[in-house]
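For the sequence shown, the positions run 219 to 594 when the numbering used here is used. Each remark here refers to the structure printed beneath this line.
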Amino acid sequence: MDLEVKPSSPPNHRTLPSEIIHQILSYFCIQDLSTLSDCSLVSRQFNGIATPLLWRWLYLKPPTTIHTEQDAQEPSHQTKTENWTVDLLKHVKILSISTHQENWCAHSKIISLPNLEVLRLKVHSELSGRSEYHHELNFGQPEHDPQPCPLVKNLKPKVIIWERTGYSSLCLDEAPSLPTSVWSHVETLIFLASSIDAGTRHTRCNFSLPKEIPKLKKIYWIYDPVSTYRDEEVHWSDQEPFWSSIPKLDTWVLLNVILRSPRCDIDIVNLRSTVLRRRHLRDSFTETQKLMKIQILNEMGYELEGAMDQDFIIPKDMKYCSEHLSFLSMAEFIAEKDARGWFEPFEVRAWQDAMYEAESGTEEEREKMHDQSLKE
């Protein structure tokens, strides 16, 4: 009797729910992008989940080794956008881009990021030659009119983060100029400043803004306790502050924003990180906040007198500023529902660790000082 042997059917593997896969791959998004990229090749299901995670944050960092015109023309020194398809760019939520020479993006196509939420601008002062930046000069004449960067020209973010703001780390007129249209949907403006430089050097610079920021509702001035860029800049932390009583805030920058959008709230975040290294301020931090608020409002009022002929706002708006100027701790800022979506998880974690270490160190020093006083 002949027996018919039927081919065995392949095992029926149940696929994991997409929600579980997303949770797993989100971990790699934080820890290991190369592994996440490999996961996108496993199957269509994995690709559909991994690709949005891979493209959620788009980093564009130009080389810092361009010194000559010949360097700038090298293909390795130019960004390549020909492989950026519409299907990929629709996943970009956050674009991080550094200041750069015009040649770096000269051959880039004008990109559109329909779902962009955050535009993060990093100012690199190590690139010399101001005419080589995408910016507007307020003194002298540039060799040619700077052209809007094609990588940001058509963007309409809701949040703009200006990194390396203030003091020794930034000259604001080296920042890339943004077309007025880029500001048209901005609701939140964040200045990320170094807490290490606070109160040691004050740079009064030009911050190029449009005449109006119609939708602006919130300004954050954040003192970064990590200050990852401090090794690239001059250290001032060991010097005696010019203003030894309270940290110096660039109120001129804030005023210029307020003049264009007078009905917005201002939050100063993590002021405490600027006083942890100043023994005479640590025990009176609440008083420091009060003094700083008075200083900010007084300086804004002084600057406002010189701006009245420009028809920006009327004096009563200073009362609004007084009522809507607040101070937040780093923990309070991180707890806000939108804050974690604006910054990378590892960056938030670094802030938390830095503040914990700083506070711990302060307590140890206090105990040491207390023991010393008992001996005396």
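Glycine included, every Cβ here is placed at the ideal spot set by N, Cα and C.
For L434 and C482, the gap between their C-alpha atoms comes out near 6 Å. In terms of Cβ geometry, M510 and L489 form a close pair [threshold 8 Å]. Beyond the five residues adjoining it in sequence on each side, L396 comes within less than 7 Å, by CB distance, of V370 in the same chain, given in chain order. P432 sits close to S402, with the two beta carbons spaced by under 8 Å. For E565 and S261, the gap between their C-alpha atoms comes out near 31 Å. Within 10 angstroms of the beta-carbon of A411 lie 16 or more other beta-carbons, which makes it buried.
Between L307 and S326, the CB-CB gap reaches or exceeds 8 Å. The beta-bridge partner set that DSSP reports for D256 is empty.
Counting only the Cα atoms, E575 lies some 43 Å from N321.
Beta-bridge annotation (DSSP): K327 is not paired with any residue. DSSP lists I312 as the bridge partner or partners of W275. In this structure, the CA atom of I512 is about 24 Å from the CA atom of A549. Going by DSSP, R338 is part of the beta strand (DSSP E) stretching over 336 to 340.
Looking at the backbone, the Cα of L278 and that of L373 are separated by about 15 Å. Exclusion of the five residues before and after W439 leaves F409, I486 as the residues of its chain whose Cβ lies within less than 6 Å of its Cβ. Bridge partners of L546 according to DSSP: V487.
The shortest C-alpha to C-alpha distance from W560 to any of C323, A268, L407 is the one to L407.
Taking A572 as the centre and dropping the five residues before and after it, the same chain places the C-beta of P443, V444 closer than 6 Å to its C-beta, in chain order. DSSP places T406 within a strand segment (E or B) once states are collapsed to three. In this chain, the alpha helix (DSSP H) harbouring W560 covers 557 to 560.
The Cβ atoms of L276 and L313 sit closer than 8 Å to each other. Secondary structure note for L307: its alpha helix (DSSP H) is the uninterrupted segment 304 to 307.
Counting the other CB atoms within 10 Å of its CB gives T233 a total below 16, which places it among the exposed residues.
The alpha-carbon of E517 is positioned some 36 Å away from that of P563. In this structure, the CA atom of L339 is about 5 Å from the CA atom of W380. A residue is called buried when at least 16 other Cβ atoms come within 10 angstroms of its Cβ; P375 meets this threshold and is buried.
V400 carries a helical assignment under DSSP once its states are collapsed to helix, strand and coil. In this model, I437 and F551 are separated by some 12 Å (Cα to Cα). Here N474 really is in contact with L427; their C-beta atoms are around 6 Å apart, less than 8 Å.
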